[in-house]
Structure formats: C-alpha cells, structure tokens
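Have a look at the structure below, then the notes.
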Amino acid sequence: MATSAVSHSAAHGAIHVEKTGLWSWITTVDHKKIGILYGATAFTFFLIGGLEALLLRIQLGTAENTFLTPEAYNQLFTMHGTTMIFLAVMPLSAMFFNYLIPLMIGARDVAFPRLNAFSYWVFLFGGLFLNASFLFNAAPNAGWFGYANLTSKQYSPGLNIDFWVLGLQILGISSLAAAVNFFTTIINMRAKGMKLMRMPIFVWMSFITQVLLLLAFPVITVALILLTFDRVFGTHFYVPAGGGDPLLWQHLFWIFGHPEVYILILPAFGIVSEILPVFSRKPLFGYAAMVFSGIFIAFLGFGVWSHHMFATGMGPIADTVFSLSTMLIAIPTGVKIFNWIGTVAGGSLQMRTPMYFALGFIAMFIIGGLSGVMHASPPADLQQTDTYFVVAHFHYVMFGGSIFALTAGAYYWWPKMFGRMLNEGLGKAHFWLMLIGFNLTFFPMHFVGLHGMPRRVYTYPDGLGFELMNQIETAGSLLLGSSFLIFIYNVIRTSRRPADAPADPWNGATLEWALPSPPQEFNFAVEPEVHSRDPLWETKRERGGTLPEPARVSSAGIHLPNPSYWPLIAALSVLAFFVALLMFAHTGPWPMVAAGVMLFFSVCKWAFEPAG
Amino acid sequence: MTSWARAFGRTGRVAPFLVLALALAACGGTSAEYPQSTLHPKADFARMIDGVFMTTVWWSLAVFILVEGALLYVIFRYRGKPDDAEPNQVHGNTTLEIIWTAIPALILAMIAVPTVRAIFETYEVPKGGDVLEIEVVGHQWWWEFRYPEYGVTTANELHVPVGRTVLLRMKAYDVLHSFWVPQFAAKRDVFPNRTTTLWFRADSTGYYSGQCAEFCGVQHGRMAFHVAATSPEEFDGYVKGLQATAMPAAAPAGTAPADSAAVRTTAAAPVTTTTLAATQQGSQTPAVRPAPRDSVPPPAPATPAAGSVAEGQKLFAQRGCVACHSINATKPMGIGPNLANVGSRRYIGAGMLQNTDENLALWIKDPQAIKHGVLMANLGLTIEQARSVAGYLRTLK
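Right under this line is the structure:
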C-alpha cells in the first residue's frame with residue numbers, strides 16, 4: 021500500500037530527542053546532517069568563488085586597469101573556475117544527493133554511512149588545502165584546465181601548480197567515494213515496489229551522475245598522477261624536451277572534463293524535473309523520455325571531448341566526428357526542454373519561488389544550449405574558442421543552468437531540511453535581481469567575444485571596442501552578487517522564526533514530503549511501499565485530499581549506525597598524505613609513509629568499530 | 026512582501042527588452058569600432074567561417090524565438106490559483122515527443138552540412154597560385170615570423186601581400202600558444218613538439234590586430250601582434266629592406282641608407298626639458314600609457330639627441346643586448362625578438378606600447394616595470410643610456 025509511506029505508527033508516544041552540539045556534527049554518519057554540512061561548506065566556497073569573480077570583473081571594468089596585477093589575476097581566474105566547479109556546484113549537488121536520495125527512495129540512510137562522512141571530510145580538507153595556497157601567495161595560476169606544458173616544473177617552478185594538482189586529487193577521492201556510495205544506495209536500498217522506472221526523476225539523474233563520476237574521475241586521477249610524477253619525480257609524460265607530449269594532457273583532461281560538464285548539469289535537470297510537476301500540479305511530461313535522454317546525454321558525453329580541442333588542428337576527419345557527436349547531444353537536450361514545457365502546458369501553475377527559479381533555469385539554459393550548438397561547428401568554434409563567447413556560453417549553462425536549478429532546489433527543499441519556510445517576497449526579489457544581474461553580466465560577453473576579446477587576459481587595450489560591454493558586465497556582476505545577499509538575509513531572517521513548516525507545504529509527489537519537516541534521524545519509522553511514480557499524489561488522491569500532519573515518533577527499536585570519528589581521522593590522514601607530498605622536496609618520503617600508516621590504522625578502527 | 030514581488034515583477038518584464046536593445050547595439054558596429062572583430066572578415070578563410078557562423082546564428086535565433094516564446098506562452102496561459110481544480114493529469118504524448126525529437130535533428134542537419142563542408146575547405150590549402158610560406162614561432166610573450174623564401178626574420182609585426190595565399194607553419198618555442206588574427210583566419214594552437222598550419226589570403230590592405238589565444242603564463246594578456254597587409258609592390262620593398270639589414274652593421278647609423286633621412290631630420294630636434302624632468306624624477310611607475318590600438322599613425326619619427334645614436338649602438342653591443350637580439354634580419358637569434366626593422370614597427374612589447382622614443386627608452390631601462398614577468402633582463406642602464414639605445418634602435422628600419 022502506498023499509504024504505508026505515511027502511516028507512521030502513532031503508537032510510539034515518546035518523542036525521540038536527537039543529538040545536537042558540535043560533537044554530534046563531527047561524528048555524524050546521518051546522511052541528512054552530512055548533506056547540510058555539504059551545503060553549508062559548498063555555499064561558503066560559492067561565496068568565495070563569487071568574490072573572486074567580482075575582483076576579476078572589477079579589473080576588467082575598464083581598459084588598461086591596474087587594480088589587479090597580472091599574477092593576481094591569473095591566480096584568481098584559476099581559483100574562480102576550480103572553486104566553482106569542484107568546491108561549489110559539485111558539492112551543492114552532493115548536498116541534494118545526500119539529503120534527498122535516501123528520503124526519496126524510502127531508505128533510512130545511504131549504503132555506507134561512514135564512507136559518506138569520510139567523503140564530506142575529505143571534500144572539506146581538499147577545499148581548505150586548495151585555498152591555503154593563498155596564504156603562501158602560491159594559488160594555482162594556470163587555469164582550471166591546467167594545460168601542459170605550462171604546468172611543468174620548468175615553466176611553473178613554484179608551489180602553485182602543486183597545490184592545484186594535489187588539491188584536485190584530494191577532491192577526487194571524495195567524489196569517487198561518494199559516487200560508489202550513492203550508486204550502491206540507489207541500486208540496493210529502494211523501497212519495496214520502487215522499480216527503476218518508478219524512481220523519482222531526481223534520483224535517476226543523480227544515478228546517471230554517479231556513473232559519470234565513476235567513469236570520468238579515474239581519467240583525471242591518472243592525468244594528475246602523471247603530472248605529479250613530472251613535477252615531483254622528474255618524469256616527462258607531458259614534457260616535450262623529454263619526448264613527452266603536452267597534447268596528451270588535453271585529451272586526458274577533456275575525457276574527464278566533458279563528462280564533468282554533465283556531472284554539473286544532470287543533478288540540475290533532476291531538481292527542475294521534480295519542481296515543475298509539483299508547481300504545475302501535473303506529472304512530469306514523458307517520464308521515460310526524460311530518463312532515456314539523460315542516459316543518452318551521459319553516454320554521448322564521453323564521445324565529444326575533442327570539441328574542446330578543435331583549435332589544435334586534429335584534421336578534418338576528427339573534427340567532423342567530434343562535431344557531429346557534439347551536435348547529437350542537442351537532440352536529447354532538446355527533448356528535455358520540450359518535455360519541461362510540456363509539463364507546464366496544461367497545468368495549473370502555482371507561482372512560488374522555486375517555480376520562478378525552475379522556469380528561469382529553462383529560459384537561461386536554452387540560450388546556453390543554442391550557443392553550444394554554434395561552437396559545435398568547428399569552423400565557427402575556431403573563432404569563438406578561448407574568447408568571451410565561450411565564457412558567455414558556459415556561464416549560461418553553469419550559472420543559468422546549474423546555479424538557477426540548485427537555487428530552485430534550495431527554496432523547494434528548505435522547509436524539509438530546516439522546518440522553516442523561506443520568505444516568498446524576498447525569494448522573488450532574489451530571483452529577479454539574479455536574473456537581471458546574470459543577463460547583464462553574461463549576455464554582452466557573447467558580443468565582446470565575437471568582437472575579438474580573448475579569455476584569460478588580465479587587461480585589454482583601449483580602441484578595440486571592448487570597454488562599454490565590459491563596463492556593463494562589471495555592473496551586472498555586482499547586481500548578481502548582491503542578489504545572494506538577499507538570499508542570505510532571507511536565510512538569517514527565517515532562522516529566527518519558529519520552525520513551523522508543515523510536512524508537505526507544496527503538495528509534493530515524492531516520499532520525503534510524507535515525513536515531518538525536518539525528518540527524524542531514522543527517516544521512516546515503517547519502511548514505505550511504492551506503487552507508482554508519484555506515490556504521495558496517489559496516496560492523497562486515495563484519501564481524497566491532503567495528508568494528516570505526521571507525528572514525531574520514538575526511535576526505539578530502529579537500528580541506526582553509530583556515530584564515529586574515525587572517518588574524520590581517516591580524512592585527516594588523507595590530507596596529511598597530500599601535504600607530505602607537497603613538501604616532498606624538503607621532507608622526503610617518510611612523512612608520507614607515516615600518513616599512510618595513519619590512514620591504514622584509522623580505516624581499520626572504522627571497520628572494526630561496532631556498527632550499532 | 027507581496028509589494029516587493031510586484032515591484033520586481035514589473036522590472037523583470039522590462040529586462041528582456043533591455044537585453045535585446047543591448048544586443049542590437051552590440052551586434053552592429055564597424056571594423057573601425059571593433060578592429061579585432063570576427064564579424065568583419067578580410068580574407069577568404071575568415072569569410073568561409075563567417076558564412077557557417079551566420080547559418081548557426083539564423084537557426085539559433087529562430088529556435089530561440091520559438092522555444093522561449095512557447096515557454097513564456099505556457100507560463101502566462103496556465104497560471105493557476107491554489108484552489109483551482111486539479112488539471113488534467115497528462116503523462117506524455119508519444120507523437121509530440123517524436124516530433125520534437127525529429128525537428129531538432131533536421132535543424133542540426135541543416136547546420137551540419139555547411140559545417141562539414143567548411144571543415145574540409147579550411148583544412149585544404151588552396152591549390153594553384155604561388156603560396157607564400159611563413160614560419161611562425163610563439164614565444165613567451167611575443168611572436169617570431171620567418172620567411173624562408175626570402176631568408177629573413179622579424180617579430181610581432183607580420184607583413185603579408187594581399188591577394189597571395191599565405192601558409193603559416195607554426196611551432197612554439199616554450200609553451201602552448203594560439204595564433205589568432207580574427208579578420209583573416211581563426212585560431213590555431215602552436216606546440217613546442219609539433220607543427221601546425223593555417224592559411225589565409227588577405228583581400229584588402231590594412232593594419233590588423235591579432236593576439237595569442239591560449240593561456241601561456243603571466244603575460245598572456247600582453248601577447249598581441251599585428252598583421253600589415255600591403256600591396257605586392259610594397260611587400261617586395263619591405264622584404265628587400267629586411268634583406269638589406271644583412272649588410273655589416275658596424276657603420277654608425279646615419280650611413281645606413283634607410284636611416285640617413287630620419288637621422289638627419291631629427292638630429293636637430295632637442296630633448297625637451299619636460300621629458301628630461303619627468304625621467305629624472307626616477308618614478309617607479311613609468312609615465313607610459315599604452316596607446317589605443319587602432320587609429321595609430323605610423324611610428325613617430327625618431328628624435329634622438331645629436332650624437333646619441335653612435336653611443337646607443339655602442340651600448341647595444343657592449344651591454345649585452347646582442348646576447349638575445351639580432352639586428353640582422355637574415356641572422357635570427359631566436360631568443361629575443363629580431364630588431365632589424367624595429368624602428369619601422371608601430372608597437373613595442375608585443376603590441377603593448379606605441380613605438381615612440383620615450384616608450385622605447387623606458388622599456389629598455391626597466392622592462393619589468395612595464396610588463397611584469399617579461400623575460401627581458403634589466404641591464405641597469407641609466408635613463409640617458411636607455412635613450413641612446415632607443416635612439417639607435419629607432420634608426421633601424
């Protein structure tokens with residue numbers, strides 16, 4: 021019975037008191053707490069990355085500006101890209117994976133709760149490691165793409181590139197551990213009756229994302245290991261003077277890098293596909309097409325990497341193949357956009373804040389998709405690549421796409437996560453300011469790029485016609501930045517109000533809305549059973565209306581994993597290992613060996629500690 | 026709070042129009058307003074690309090209007106109230122879904138056909154006619170151009186004859202760079218371990234901007250260059266001038282045929298007190314402002330103080346300049362830019378500064394102060410000595 025999802029036994033009288041305090045967060049293995057940790061950390065890094073972007077924009081606000089030195093500019097644009105991709109958008113998605121996947125599939129936690137805690141701590145330390153480079157005035161400075169052979173010891177002798185290479189390795193460990201965890205969770209822990217084709221679409225997109233992570237991250241891991249060997253041990257994988265090939269790096273990087281784009285956008289597709297039906301009061305249009313187009317996008321995503329390399333002159337056959345495979349991706353992407361519009365059409369639209377952001381996502385993502393088709397054509401790309409046209413394109417996809425969708429998700433699931441409704445007026449103000457600021461910042465970049473402004477330049481001369489558009493972009497970026505101040509104000513204001521959000525404020529369709537807001541530690545007192553794609557709507561229809569407010573129940577008799585600090589110690593060991601590698605030239609191998617021993621010991625303790 | 030929402034709602038409805046107006050304003054423009062634009066091609070290669078690009082633009086624009094229009098329509102048409110009856114629970118429509126899979130596929134085919142044709146055309150160097158081969162070497166952070174046919178080398182200012190196909194064979198000296206003259210041809214990356222090629226045939230004379238387009242280190246932003254497309258006759262004269270620099274350079278400037286006029290006309294020009302005063306203050310930040318890149322006249326005539334040319338030549342030889350720079354276009358050094366005709370170039374520092382006596386002197390005195398990270402050494406010259414060297418270099422045409 022679908023109703024069992026919501027029929028919490030009211031027999032348990034005592035209200036379970038959950039552990040709070042700092043220690044409970046440090047030792048937590050609860051996917052919901054870990055999700056909140058991911059969210060808070062990633063949002064902090066998002067603000068740092070945003071501030072970096074504002075500094076870049078101020079520098080470019082006028083021609084021949086000297087606000088930033090060339091070296092500072094290069095460090096900031098490298099850290100902006102690296103931060104936004106690895107420390108903001110990916111972990112913000114991870115927040116939703118963590119918080120929502122178990123709730124949506126009717127599970128009490130992820131498959132490996134301690135591994136989950138380990139993933140978070142490694143992510144946090146990876147982010148701190150990367151940003152610690154600023155303290156040594158040695159922030160990475162060769163771009164988030166780190167093209168060889170500029171990254172070789174000869175041309176980048178400082179620690180800048182070492183911080184970048186090792187920082188990404190740390191973050192890769194976190195991503196891979198999390199991907200194994202969610203993959204296993206989704207395969208094994210779905211509620212009774214939740215067949216694959218009944219999974220919420222967000223879970224489907226998350227599942228595809230985990231597959232992409234599992235297949236793409238090993239490639240960058242190998243590429244980074246080779247670069248580490250070049251830099252630390254004097255090998256020549258990418259060093260032409262020793263017979264190596266810098267082009268090898270580009271292939272390896274983009275075999276990872278293009279799937280990475282879908283790692284950043286597929287969770288956003290999932291979020292929007294959950295929100296649109298709820299606020300249209302109508303099921304997702306073409307569920308199966310949405311699932312299979314997601315799979316198709318991910319599959320094709322591994323066959324298009326060289327479209328980042330048309331300017332290297334690969335020859336007409338390779339250019340043709342990668343051009344056509346890239347254009348093919350537009351077809352499943354188009355299917356998604358049309359099905360979203362089909363979801364809205366014929367509905368009864370409830371224009372709440374999450375819906376604004378979800379619709380804004382579609383409108384902006386269309387623009388990013390169309391400019392993507394433009395440079396899928398290699399001749400056109402030869403003019404556009406490495407110019408601001410491409411900067412415009414991927415910000416329409418990454419910001420207009422991912423960030424709009426993640427923001428929509430934040431407004432939508434906020435009441436579930438924190439038991440409080442965010443203010444609607446402030447939410448809509450946030451939306452309009454963000455939409456206007458975003459377009460003012462990035463739309464002129466199409467034109468300034470076509471008019472010949474390259475990327476990654478710390479300044480530009482007068483007389484090339486770049487000034488006016490850059491001024492507009494800088495003004496827009498300040499508006500865009502300030503829109504998040506409204507969000508922060510909204511969050512602070514909301515946190516001071518009573519936690520009185522109902523369990524199901526939006527008339528949701530998925531299982532999490534059957535639980536109290538916020539859910540109890542064990543999620544489901546009784547494991548739910550599912551009979552359709554929109555189990556909660558089905559239940560509500562059967563009952564002829566809304567559901568009763570779920571009662572908080574005792575956790576007596578519910579098995580939960582014990583908290584543990586060993587994942588944290590293991591993550592610290594990982595950090596120590598990479599710090600030792602960074603210092604290798606000074607300290608030799610023994611600190612690394614010590615860190616390895618510590619890691620082994622902490623993993624043993626974690627494994628043999630009683631689970632509950 | 027609802028009033029807030031209303032206020033922002035009104036602003037929001039105006040936003041698309043603002044964006045559109047902005048777009049239209051930026052779309053137009055002439056090559057004088059946007060001298061580095063990809064939208065004003067001046068050679069066959071760039072024209073071919075422009076054709077494909079405009080195909081993608083029209084299709085994209087059509088799709089943009091239709092799809093964004095459909096989105097806005099459904100948003101306004103299906104706005105509901107909380108107490109409205111539940112709408113019809115549609116789960117999909119196979120026919121519709123097949124249609125909106127097929128139509129994008131057809132549109133992509135319309136883009137793919139000219140794309141593939143242009144891919145093959147742009148890789149194929151036009152047959153027939155006489156192809157001028159030029160070797161391009163990208164350096165941190167300047168460009169070297171060699172003409173094997175004529176046995177000469179120059180830097181940062183590429184001269185090509187209009188109407189003749191130019192084939193560039195390109196390599197990098199150090200790290201990856203990307204050669205880009207938007208009005209002639211698209212980008213082609215250059216590598217230290219392989220040769221890449223690019224071709225174009227300029228169809229109108231003029232002075233065009235180009236820039237490195239692959240991030241290549243701290244001064245990537247200052248790795249510009251220029252292309253002077255000239256008549257074949259003018260180009261011949263240019264090449265002969267470069268070949269003439271092979272003559273023994275021992276004779277003091279003034280006896281070199283190309284220099285005499287310049288030196289004679291400028292020898293009388295006094296060094297103004299204002300410039301001296303400015304330099305004597307020894308300010309850390311030199312009073313150089315990079316000049317606007319277009320609307321720059323041919324280089325200002327050299328105005329060295331009398332007698333300083335010979336002094337400058339001596340310093341150039343004695344103080345180590347010759348370790349990196351050749352003043353003989355037929356004998357490239359390959360380390361620093363060849364200076365055989367530096368006096369006739371419009372810019373110094375890879376497109377950074379207008380080539381004037383003052384700018385050149387300040388550059389020679391302390392290149393790091395002007396372009397931090399540049400690989401040119403500070404030779405510890407006094408400003409007077411730097412002026413002398415600049416005066417000498419400005420006579421090299």
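As given, the protein sequences belong to chains A and B, one line each in that order. Take any residue in the first sequence, count from 1 to its spot, add 20: that is its number in our numbering. Take any residue in the second sequence, count from 1 to its spot, add 25: that is its number in our numbering. Just so you know, even glycine gets a beta-carbon here, dropped at the ideal spot from N, CA and C.
Given a cut-off of 7 Å on the beta-carbon distance, is the pair Gly81/A and Gln404/A in contact?
no
Determine, for Tyr58/A, whether the minimum Cβ-Cβ distance to residues of chain B falls below 7 Å.
no
Going by the beta-carbon positions, is the gap between Glu493/A and Thr461/A smaller than 7 Å?
yes
Give the DSSP-derived three-state secondary structure of His245/B in the structure shown.
helix
Interface flag, Leu64/B vs chain A, CB-CB below 7 Å:
yes
Output yes or no for whether 7 Å exceeds the beta carbon distance between Phe65/A and Gly147/A.
yes
Short Cβ contact (7 Å threshold) for Ser397/A with Thr81/B:
yes
For Phe225/B, return the contacting residues in chain A, with the cut-off set at a CB-CB distance below 9 Å.
Those within 9 Å of Phe225/B in chain A number zero; the least Cβ separation is about 12 Å.
Which listed residue (Lys625/A, Phe467/A, Arg218/A, Phe138/A) has its alpha carbon closest to that of Asn201/A
Phe138/A
7 Å Cβ cut-off: residues of chain B touching Thr559/A:
Per Cβ cutoff of 7 Å: no residues; Thr559/A is ~15 Å from chain B at best.
For the segment 563-582 of chain A against the segment 530-546 of chain A, do three or more pairs of beta-carbon atoms, one drawn from each stretch, fall closer than 8 Å, so that the two count as touching?
yes
Touch test, the segment 285-301 of chain A against the segment 324-334 of chain A, Cβ-Cβ under 8 Å, three pairs minimum:
no
Using a C-beta cutoff of 7 Å, does Gly354/A count as contacting chain B?
yes
Excluding the five sequence neighbours on either side, which residues of its own chain have a C-beta within less than 7 Å of the C-beta of Met380/B, listed in chain order?
The sequence as given places Asn at residue 380/B; Met does not occur at that position. For Asn380/B, where only same-chain residues beyond five positions count, the Cβ hits under 7 Å are Pro324, Arg370, Arg371, Tyr372, Ile373.
Measuring only between beta-carbons, confirm whether Arg372/A sits less than 7 Å from chain B.
no
Going by Cα to Cα distance, which pick from Ala591/A, Leu505/A, Gly367/A, Met329/A is closest to Phe101/B?
Gly367/A
Exposure of Met79/B, with buried meaning 16 or more beta-carbon neighbours within 10 Å
exposed
What does Met394/A reach in chain B if we use C-beta pairs closer than 8 Å?
Phe78, Thr81, Val82, Ser85
By Cβ distance below 8 Å, which residues in the same chain neighbour Arg216/B in space, the five residues on each side in sequence not counted?
For the sequence presented, residue 216/B should be read as Phe rather than Arg. Closer than 8 Å at Cβ, skipping near neighbours: Lys196, Ala197, Leu201.
From the beta carbon of Ser203/B, is the nearest beta carbon of chain A less than 7 Å away?
yes
What residues match up with Val468/A in a beta bridge as DSSP calls it?
For Val468/A, which the question treats as bridged, DSSP gives no partner whatsoever.
Can you tell me whether DSSP reads Tyr480/A as helix, strand or coil?
coil
For the segment 71-85 of chain A against the segment 503-510 of chain A, do three or more pairs of beta-carbon atoms, one drawn from each stretch, fall closer than 8 Å, so that the two count as touching?
no
Closest Cα partner of Arg213/B within the set Ala71/B, Gly368/B, Ala134/B
Ala71/B
Three-state class that DSSP yields for Thr304/B in the structure shown:
Unreliable placement is indicated for Thr304/B, whose pLDDT of 35 sits below 50; no coordinate value is reported for it.
Give me the chain A residues within the contact set of Cys241/B, using Cβ-Cβ distance strictly less than 8 Å, ordered along the chain.
Leu170
Can you pull the chain B neighbours of Leu402/A, defined as C-beta to C-beta under 7 Å?
Ile74, Ala211, Lys212
List, in chain order, every chain B residue whose beta-carbon is nearer than 8 Å to that of Leu75/A.
Residues of chain B passing the Cβ test: none, with the nearest at roughly 15 Å.
Test: Tyr233/B CB closer than 7 Å to a CB of chain A:
no
At a cut of 8 Å, does the segment 274-287 of chain A reach the segment 239-254 of chain A through at least three beta carbon pairs?
yes
Start and end of the beta strand (DSSP E) containing Trp224/B?
221-225
For a contact defined as C-beta to C-beta under 8 Å, what are the partners of Asp524/A on chain C?
In the displayed structure, chain C is absent; the protein chains listed are A and B.
Tell me which residues of the segment 83-96 of chain A have at least one Cβ-Cβ distance to chain B shorter than 7 Å, keeping chain order.
Glu84, Thr89, Pro90, Glu91, Asn94
Residue range of the alpha helix (DSSP H) that Ala134/B falls in?
119-148
Three-state secondary structure assigned by DSSP to Trp205/B:
strand
Under a three-way DSSP split, which group does Ser622/A fall into?
helix
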